[in-house]
Structure formats: structure tokens, C-alpha cells
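Participant: According to full-length UniProt numbering, the stretch in the sequence shown is residues 1 to 127, in order. For reference, the structure I am asking about is given below.
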Amino acid sequence: MNQSQGNSSSEDRIQREIDKLDQTNKKQEQRIRNLETKAVHNVNLYFIFQAVILASTTVATTTSCHDWWIPFTLSLVAAITNLLSFLGTMSKVLLIKLRHRIHENVSNYKRPTRSSSARDSLDPSRE
């Protein structure tokens with residue numbers, strides 16, 4: 001009876017750990033989806049801003065060739081700002097995915113048994 005209670009408590013502990021890991025996994029997946037959505041929004045805003053700049057330069061009649069630097073500067077500032085924002089967002093996504101991959105590798109890591117490591121050291125084909 002005492003052994004069955006011990007098994008039950010260890011199973012409960014394992015189930016709680018599984019539930020905790022499942023919640024953490026769901027939070028990470030949601031965080032990745034949010035960051036990917038943010039990256040797409042940044043790219044869309046960049047194209048919209050570029051369209052506004054293009055539309056404003058084609059409609060204006062008072063602009064001349066010597067004012068080329070105004071839309072160029074606006075476009076360059078928008079490009080650099082959006083590029084930095086996009087790179088920051090994607091680096092967060094890649095960092096989260098890297099952490100997840102490292103966590104999977106650590107949790108799947110198995111130590112070699114003595115017999116297999118001794119067998120590998122004696123096997124000349126393994127070198």
C-alpha cells in the first residue's frame with residue numbers, strides 16, 4: 001500500500017511537471033506568433049509609408065529636380081527605422097527558437113552507458 005502511494009505521488013508530480021511544461025510551451029508559441037505578426041506589420045507599414053512618399057512627390061507641382069533630397073531622405077529614414085525594427089523583432093524570434101532548441105537538446109540528452117562507451121573505445125572503425 002505504501003509503495004502504491006509513493007507511485008501515485010510521483011505520477012502526480014510528473015503530471016504537474018508535464019502540465020507546467022505544456023503551459024510554458026503554449027506561452028512561447030504565442031510569443032513567437034506575436035513577434036512574427038509584429039514583423040509583418042512593420043514591413044506593411046514600411047510599404048505604406050513608401051507609397052505615401054511616392055504619391056506626395058508625384059502630385060506636388062511645386063517640386064523641382066533640385067528638391068530630390070527631401071523624398072530620398074524621408075524614404076531612407078523610413079527604411080533604416082523599419083529595418084532596425086524588423087531586425088530587432090526577428091532576432092527575438094530567432095532567440096526564442098534557439099532557446100527552445102537548446103531546451104529540447106538538453107531534455108533529450110542521454111548519457112552513454114559504460115558498456116557502450118567501452119565498446120566504442122575498443123572499436124577501431126569508430127575513429
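Using N, Cα and C, we set each Cβ at its ideal position, and we do this for glycine too.
Given Lys38, which residues of its chain have a CB within under 7 angstroms of its CB, disregarding the five upstream and five downstream residues?
Facilitator: Cβ neighbours of Lys38 beyond the five flanking positions: Thr89.
Participant: How far does the alpha helix (DSSP H) with Trp68 in it reach, from first residue to last?
Facilitator: Neither: Trp68 is in no alpha helix (DSSP H) and is coded neither H nor E.
Participant: Three Cβ pairs or more, each shorter than 8 angstroms: is that satisfied between the region 67 to 77 and the region 12 to 21?
Facilitator: Touching, no, given that fewer than three Cβ pairs across the two stretches are closer than 8 angstroms.
Participant: Helix, strand or coil for Ser121 per DSSP?
Facilitator: Reliability fails at Ser121, whose pLDDT of 47 lies under 50, so the model's placement of it is uncertain and no value is given.
Participant: With 16 other CB atoms within 10 Å as the buried threshold, where does Asn44 fall?
Facilitator: Asn44 comes out exposed.
Participant: Just tell me which of Glu11, His41, Gln30 and Arg99 has its CA closest to the CA of Asn82.
Facilitator: That would be His41, whose Cα lies nearest to the Cα of Asn82.
Participant: Please state whether the Cβ-Cβ distance between Ile80 and Gln28 is less than 8 angstroms.
Facilitator: Their beta carbons are not under 8 angstroms apart, which means Ile80 does not touch Gln28 by this criterion.
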